[in-house]
Amino acid sequence: MQRFNFPVVQPDPALEELRRELQAFLKEEREAGNFRPEPECWMASADPEFSRKMGKRGWIGLTWSSKYGGQDKSALERYIVTEETLRSGAPVGAHWIADRQHAPMLLKHGTEKQKLDILPRIAAGECYFAIGLSEPGAGSDLANVKTKAEKVADGWKINGQKIWSSGAQICHYMVALLRTSPADGRNRHVGLSQIMIDLSLPGVTIKPIVDLSGDAHFNEVYLEDVIVPDDCLLGEEGSGWKQVTGELAMERSGPERFLSSYITLETALWQLSGKMGSDSHARLGKLIASLRTLKGMSWGIANLLKQGVSPDTEAALVKDLGNRLENDLTQQVRAMLNDLPPEDWSPDMRRIMNMGVLRSPPNTLRGGTTEVMRGITARQLGLR
Amino acid sequence: MINTEGMVAETASKIYTDLCGREVPHEAEAGQYPQALWDALSENGLPLAWVSEANGGFGADYDETFGAIWASAQAASPVPFAETLIANWMLDRAGLAPADGSASFALSGHTPSADIPFGMHADKIVLFDEAHHEIALFDNRVAVRSPEEALSPDGMTQFVFSGHVAEQSAKTDLSRRAFEALILTVRAVQMAAAMETALNLSIDYVSQREQFGRPLSKFQAIQQQLAVAASECAAATMAATQAASAITRHRDDPEQAWHEAVIAKVQIGHSVEAVTVPFHQVHGAMGYTQEYDLHHYTRRLWAWRDALGNEHHWSKRLGEELAVTSPDQIWKGVTTGDWTDGNRVAS
Chain A
26 MQRFNFPVVQ PDPALEELRR ELQAFLKEER EAGNFRPEPE CWMASADPEF SRKMGKRGWI
86 GLTWSSKYGG QDKSALERYI VTEETLRSGA PVGAHWIADR QHAPMLLKHG TEKQKLDILP
146 RIAAGECYFA IGLSEPGAGS DLANVKTKAE KVADGWKING QKIWSSGAQI CHYMVALLRT
206 SPADGRNRHV GLSQIMIDLS LPGVTIKPIV DLSGDAHFNE VYLEDVIVPD DCLLGEEGSG
266 WKQVTGELAM ERSGPERFLS SYITLETALW QLSGKMGSDS HARLGKLIAS LRTLKGMSWG
326 IANLLKQGVS PDTEAALVKD LGNRLENDLT QQVRAMLNDL PPEDWSPDMR RIMNMGVLRS
386 PPNTLRGGTT EVMRGITARQ LGLR
Chain B
13 MINTEGMVAE TASKIYTDLC GREVPHEAEA GQYPQALWDA LSENGLPLAW VSEANGGFGA
73 DYDETFGAIW ASAQAASPVP FAETLIANWM LDRAGLAPAD GSASFALSGH TPSADIPFGM
133 HADKIVLFDE AHHEIALFDN RVAVRSPEEA LSPDGMTQFV FSGHVAEQSA KTDLSRRAFE
193 ALILTVRAVQ MAAAMETALN LSIDYVSQRE QFGRPLSKFQ AIQQQLAVAA SECAAATMAA
253 TQAASAITRH RDDPEQAWHE AVIAKVQIGH SVEAVTVPFH QVHGAMGYTQ EYDLHHYTRR
313 LWAWRDALGN EHHWSKRLGE ELAVTSPDQI WKGVTTGDWT DGNRVAS
């Protein structure tokens, strides 16, 4: 019996047709100068106009019912779309998080009114969501969240602060993990709930945090006496911890966990065509072997998820391996580019390479740090 | 996951469980060859799994035969089961009857010598002579051997072909790449199985061994090391499974499975250091002794990563091939496993 469950799934011709459509669209947009490719584009590159174009073509909300503006397709179609946009370094940051996790959350826990109101707007690429998990005192120790929601007549009154909420300045909603009742002694996992907050409400203040690369997609979100209606509680009161950890497992194995920096390699491959030395050949061979293997693992999990199996440990393994690969890729490409005199680098190559270096530290932090992933694996191995 | 269900895999697994307990590899190294194990495999026809019915085999599914290979590597097989499967497959692909007894193999290069895995124990040696597109079967008793230089007990023995007369030979229409695809895939499956078995040994060891008043497994430094090793093991299994799946799919034209096989070789070869270092580290000096089982797996991993060229050699070969295709083609291969290139002239 083998320890890890990664099925091999053959490609599906219908999915490859979708892939070709995406490739044609992305090539056209790029050549028209409508976007400049960037590494980590799903986090750091947001363009609402581009999101609306994606929405118009039906490439957001693929997985949900047409009744709510979706396409009645599976997570595998969505996988192809995300994979191709990452390869192109396209500005998909505005809609990414809503499409990936908050729309499925609303489908599961939202009211019919919320679904009819919000989901079609997400699918159109017009409505964006921010993640409200981290707080100044709650990073890897997420259960330490202190932001509170108190029950008031017809709703909840929220006070506290969230941090690192990417894109909050352009988002319409945040889904926050909040304390709705006190911890039970040392068990801090009880009394937490997930609440959807309309970011245009009074009492919400969003302050961007500039990162070392000069980007400002991170934010602090201050919540002062923000009142939200009752139906903004998503799922059950007190089940927030279980809901959040389940969600995190779902989002740890997607292509954005190992392809965020692929655009750097892609750009270098066009640049180095016919100029690669044997050292670069060896680096390329090793990178491609790792990428192909990670794709197999990630795709295997996507297929398990589609069948309703949630392989938490396998997802943690993919994230750990994939994040290491993303950063290694940038370093390997740096070395490969020695085959080309610096004056021959295209402006795009230089820009993407430098962005790749500057944007590498968060790869092994967001969505659960490498150390947290290894803790999950160690638990599965029976060591904790 | 490697398919461990089906008649071939289950029969092999049972034979290894019954006749290759943990003492058997130790005894084999002390000179006590487990003939009973080989006889049982042979009596059940397992070394003929990949021989077509026309040549006296039973043309088993490729897929489930990889499950049998997995079982043999988990048991640190001291008999050349996987090697005989490969050798018989090579003979079959030239229309020749399977070897009488156990066998090993080599792909000829430009020199008249070849490194033969299990050269000590194989009865026969099957050679692919690339220059003449020929498969030839030799008796192994005349081999010139230098096993003391081997990394592991089943490791390489040198065979010098000078004036030896083949017992049988025939032309084959398969290219070197087809043989490389099968051999690298079998090795990948063996290596993934050995890695996982060594991981299990390490987990058991750190759960039992106590220092500073608690099991080693309770130290975060140990947990994190083994979690990293586990991720490499999982990737190895994935790479081996993808290669096995490719050659199963392309059994009529195994050359088509070359890229996935090379990828497995590169991926797993590069992981060997990333797993054997922590496995030995967490075992302390105990893991370095001959008495303990860990070396049955780590020494085989060190030998197998070198077999048919090490991971650096294959990284470079893969990179060379990919560098002359287009970035579009590379992306297609990474995402779908389809490495066929309309532009490349078949070699």
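Protein chains in written order, with this note's numbering: chain A, 26 to 409; chain B, 13 to 359.
A virtual CB, placed ideally from N, CA and C, is assigned to each residue, including glycine.
These numbers come from a predicted model, not from an experiment.
Inset, instruction - Can you say whether Ala252 (chain B) is buried or exposed, counting buried as having 16 or more other CB atoms within 10 angstroms of its CB? - result: Taking the first residue of the second sequence as 1, we reach residue 252 (chain B) at position 240. Answer is buried; the Cβ neighbour count reaches 16.
Legend entry - Tyr198 (chain A) - DSSP class collapsed to helix/strand/coil: In the first sequence, residue 198 (chain A) corresponds to position 173, counting from 1. If DSSP states are grouped into helix, strand and coil, Tyr198 (chain A) belongs with the strands.
Legend entry - Under the three-state DSSP convention, the category Leu139 (chain B) falls into: Indexing the second sequence from 1 puts residue 139 (chain B) at position 127. Strand.
Inset, instruction - Check Ser359 (chain B) in the structure and name its three-state DSSP category. - result: Indexing the second sequence from 1 puts residue 359 (chain B) at position 347. Any answer about Ser359 (chain B) is weak, because its pLDDT of 37 lies below 50 and its placement is not dependable; what the coordinates show is given next. Residue state, collapsed to three classes: coil.
Legend entry - Cross-chain neighbours of Thr402 (chain A) in chain B, by beta carbon under 7 Å: For the purposes of this step, residue 402 (chain A) is taken as the residue at position 377 of the first sequence. Simply Ala239, Ala242, Ser243.
Legend entry - Test item: CB-CB of Glu272 (chain A) and Gly392 (chain A) under 8 Å: Taking the first residue of the first sequence as 1, we reach residue 272 (chain A) at position 247. Taking the first residue of the first sequence as 1, we reach residue 392 (chain A) at position 367. Cβ distance not < 8 Å, so Glu272 (chain A) and Gly392 (chain A) don't count as in contact.
Legend entry - Distance between beta carbons of Gln27 (chain A) and Met13 (chain B), contact taken as under 8 Å: By one-based count along the second sequence, residue 13 (chain B) stands at place 1. By one-based count along the first sequence, residue 27 (chain A) stands at place 2. Sure, about 5 Å apart at Cβ, within 8 Å.
Inset, instruction - Using 10 angstroms around the beta-carbon of Phe224 (chain B), count the other beta-carbons present and answer buried if the total reaches 16, otherwise exposed. - result: Along the second sequence, one-based indexing puts residue 224 (chain B) at 212. Classification for Phe224 (chain B): exposed.
Legend entry - Same chain, Cβ closer than 7 Å to Ser84 (chain B), five either side skipped, listed in chain order: Position 72 of the second sequence, counting from 1, holds the residue named residue 84 (chain B). Hits under 7 Å: Ala24, Tyr28, Phe93, Ala94.
Inset, instruction - Find the residues of chain A that neighbour Gln254 (chain B), judging by a C-beta separation of less than 8 Å, and give them in chain order. - result: Locating residue 254 (chain B) in the second sequence gives position 242, where the first residue counts as 1. Neighbours of Gln254 (chain B) on chain A, chain order: Val33, Arg317, Thr318, Gly321.
Legend entry - Min CB distance Arg55 (chain A) to chain B below 8 Å: To locate residue 55 (chain A), count along the first sequence from 1; it is residue 30. For Arg55 (chain A), the answer is no, since every Cβ of chain B falls outside 8 Å of its Cβ.
Legend entry - Residue nearest to Phe31 (chain A) in terms of C-alpha spacing, selected from B:Gly69, B:Ala247, B:Thr209: Position 6 of the first sequence holds residue 31 (chain A). Of B:Gly69, B:Ala247, B:Thr209, the residue nearest in Cα terms is B:Ala247.
Legend entry - Listed by chain order, chain B residues near Pro36 (chain A) by CB distance under 9 Å: Locating residue 36 (chain A) in the first sequence gives position 11, counting from the first residue. Correct list: Thr347, Thr348, Gly349, Asp350.
Legend entry - Neighbour list for Val278 (chain B) in chain A, Cβ cutoff strictly below 7 Å: As a first step, residue 278 (chain B) is located in the second sequence; it is residue number 266 there, counting from the start. Gly310, Lys311, Ala314, listed in chain order.
Inset, instruction - Kindly say whether Trp67 (chain A), judged by its beta-carbon, lies nearer than 8 Å to any beta-carbon of chain B. - result: Here residue 67 (chain A) corresponds to residue number 42 of the first sequence, with the count starting at 1. No - not a single Cβ of chain B is within 8 Å of the one on Trp67 (chain A).
Legend entry - Same chain, Cβ closer than 6 Å to Pro37 (chain B), neighbours up to 5 away in sequence not counted: Counting from 1 along the second sequence, the entry for residue 37 (chain B) is found at position 25. Ala88, Pro90, His308, listed in sequence order.
Legend entry - In DSSP terms, what Trp181 (chain A) is bridged to: Looking up residue 181 (chain A) in the first sequence gives position 156. A:Lys176, A:Val253, per the DSSP bridge assignment.
Inset, instruction - Using three-state DSSP, classify Met130 (chain A) as helix, strand or coil. - result: Working through the first sequence from its first residue, we reach residue 130 (chain A) at position 105. Here DSSP, grouped into helix, strand and coil, assigns Met130 (chain A) to helix.
Legend entry - Rounded straight-line distance, which links the Cα of Arg308 (chain A) to that of Pro336 (chain A): Taking the first residue of the first sequence as 1, we reach residue 336 (chain A) at position 311. Taking the first residue of the first sequence as 1, we reach residue 308 (chain A) at position 283. The straight-line gap from Cα to Cα measures roughly 31 Å.
Inset, instruction - Please work out which residues of its chain come closer than 6 Å, Cβ to Cβ, to Ser359 (chain B), disregarding the five sequence neighbours upstream and downstream, and give them in chain order. - result: To locate residue 359 (chain B), count along the second sequence from 1; it is residue 347. For Ser359 (chain B), the predicted structure reports a pLDDT of 37, less than 50, and the residue's modelled location is therefore unreliable. The matter cannot be settled from this model.
Inset, instruction - Please check if any C-beta of chain A sits within less than 8 Å of the C-beta of Gly321 (chain B). - result: Taking the second sequence and counting its residues from 1, one reaches residue 321 (chain B) at position 309. Answer no: the Cβ-Cβ gap between Gly321 (chain B) and chain A never drops below 8 Å.
Legend entry - Start-to-end residues for the beta strand (DSSP E) that takes in Pro233 (chain A): Counted from its first residue, the first sequence places residue 233 (chain A) at position 208. Pro233 (chain A) -> beta strand (DSSP E) spans 229 to 234.
Legend entry - Contact list for the region 331 to 349 of chain A against chain B, Cβ threshold 8 Å: Glu339, Leu342, Asp345, Leu346
Legend entry - Residue-level contact to chain A via CB, Leu330 (chain B), 8 Å cutoff: Translated into the one-based positions of the second sequence, residue 330 (chain B) becomes position 318. Between Leu330 (chain B) and chain A, the shortest Cβ-Cβ separation is below 8 Å.
Legend entry - Which residues DSSP lists as bridging Gly157 (chain A), in chain order: Working through the first sequence from its first residue, we reach residue 157 (chain A) at position 132. According to DSSP, Gly157 (chain A) bridges with A:Ala201.
Legend entry - Contacts around Pro116 (chain A), its chain only, beta-carbon distance under 7 Å, and the 5 residues preceding and following it disregarded: The residue labelled residue 116 (chain A) in the question sits at position 91 within the first sequence. Closer than 7 Å at Cβ, skipping near neighbours: Phe60, Cys66, Ser70, Ala71, Asp72, Phe75.
Legend entry - CB contact below 8 Å: Arg356 (chain B) versus chain A: In the second sequence, the residue the question calls residue 356 (chain B) occupies position 344. Because the pLDDT at Arg356 (chain B) is just 45, under 50, the model does not fix this residue reliably, and the point stays unresolved.
Inset, instruction - Please check if any C-beta of chain A sits within less than 8 Å of the C-beta of Met207 (chain B). - result: Working through the second sequence from its first residue, we reach residue 207 (chain B) at position 195. Not closer than 8 Å to any Cβ of chain A, the Cβ of Met207 (chain B) fails to qualify, so no.
Inset, instruction - Please list the partners that Leu294 (chain A) has in chain B, where partner means a Cβ-to-Cβ separation under 7 Å. - result: Here residue 294 (chain A) refers to the residue found at position 269 when the first sequence is read from its first residue. By Cβ distance, chain B contributes Pro339, Ile342.
Inset, instruction - Please compile the residues from chain A whose C-beta is within a distance smaller than 9 Å of the C-beta of Ile98 (chain B). - result: Within the second sequence, the letter at position 86 stands for residue 98 (chain B). Within chain A, no residue has its beta carbon less than 9 Å from that of Ile98 (chain B); the closest one is some 22 Å off.
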